[in-house]
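Reading through the structure tokens given below for one structure.
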Amino acid sequence: MSNEPVKISLIITIVNRGRGEKAAEIAGRYGGLFNLCMLGRGTADSVLLDYLGLGETEKDVMLSALASAKAPLLLSELSAGLELARNGNGIAFTIPASSVGGPKTMHFLAGRDTEACEEEEIMNEKKCELILTVVSRGLADLVMEAAKEHGATGGTILHARGTGIHEAEKFFGIPITPEKEVVMILAKKECKRAIMQAVCEKAGLSTEAHGISFSLPVDDVVGASSFQE
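Basically the working numbering = 1-based index in the sequence shown + 17.
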């Protein structure tokens with residue numbers, strides 16, 4: 018039994034509206050002890066509506082946290098149970114968590130049977146990244162326009178509300194609306210830099226969108242053949 022700390026992964030599942038409950042049920046059966054469901058909106062071009070599962074307007078977005086050793090099995094079960102291999106049914110991918118707040122949280126997310134689970138270290142080159150961009154409400158299309166010019170095929174938009182707005186206004190000297198949109202774009206690693214630069218130019222802090230972008234590494238993907246090649 019290794020004394021190394023248990024690693025935690027996040028699995029993000031994006032499916033058509035109404036299928037989030039099934040995704041959560043599968044996650045609960047296969048190790049996902051924390052499952053958060055959100056409402057999203059797809060942004061893919063009409064010719065891509067049946068590709069990647071990111072084109073239909075209404076989406077359910079589920080965030081699950083669990084021990085990294087259990088992530089491959091859950092990803093496989095999500096793919097089978099939601100039929101993610103079929104065009105238009107959705108996508109699921111894993112992101113490594115860099116830290117977890119407190120030992121109790123770690124033990125909860127890892128699950129009680131962590132000791133019985135052998136953790137296998139898989140050394141694989143990450144082929145894609147998740148780009149997150151936060152912009153003022155109603156301006157997410159600017160992000161997608163810029164991203165698609167540099168290889169992005171689609172994305173998902175979440176509605177949000179910013180906090181600490183007054184401090185940001187003092188810092189930048191411009192009015193900033195608290196109503197936000199979060200744009201999630203799964204991109205091939207070689208396209209990430211160009212996409213983020215284009216988004217910064219068209220929807221960055223100096224534009225009306227007041228956008229901020231950052232990226233996260235993605236460990237594995239199911240439901241999108243273009244990211245698995």
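Even glycine gets a Cβ: it sits at the ideal position worked out from N, Cα and C. Treat the numbers as computed from the prediction; the structure is a model and nothing was measured.
Given this structure, state the Cα-to-Cα distance separating residue i from residue j, to the nearest angstrom.
i, j, result
"I31", "N52", "13 Å"
"H167", "M79", "27 Å"
"G48", "V199", "27 Å"
"A226", "G172", "17 Å"
"S96", "G57", "20 Å"
"A40", "A86", "19 Å"
"C208", "I43", "32 Å"
"N106", "L203", "16 Å"
"A157", "L91", "31 Å"
"I229", "S81", "24 Å"
"R46", "I28", "14 Å"
"G59", "V23", "34 Å"
"A169", "C54", "24 Å"
"E218", "L175", "22 Å"
"M161", "S223", "17 Å"
"A272", "E146", "Given a span of 18 to 246 for the chain in the structure shown, any question on residue 272 remains unanswerable."
"G240", "G98", "12 Å"
Within its chain, find whatever has a CB closer than 7 Å to the CB of residue i; leave out the 5 residues flanking it on each side and keep chain order.
i, result
"R34", "E75, K76, D77"
"F231", "L149"
"S26", "L83, S85, A88, T111, I112, P113, A114, D236"
By the 10 Å Cβ neighbour count, where 16 or more other Cβ atoms means buried, how is residue i classified, buried or exposed?
i, result
"F110", "buried"
"E196", "exposed"
"A84", "buried"
"G155", "exposed"
"A253", "Not covered by the structure: residue 253. The range shown for the chain is 18 to 246."
"E100", "exposed"
Is residue i near the ligand FMN, in the sense that its beta carbon is under 7 Å from a heavy atom of that ligand?
i, result
"G168", "No copy of the ligand FMN occurs in the structure displayed, which carries no ligand at all."
CB-CB under 8 Å to residue i, same chain, minus the five flanking residues each way: which ones, in chain order?
i, result
"I212", "I148, A163, A164, H167, G168, A169, I202, A204"
For residue i, I'd like the list of residues in its chain whose CB is within less than 6 Å of its CB, leaving aside the five on either flank, ordered along the chain.
i, result
"G37", "C54, D77, M79"
Decide yes or no for the touch test of the region 224–237 against the region 96–111: beta carbon pairs closer than 8 Å, at least 3 of them.
Yes, the region 224–237 is in contact with the region 96–111.
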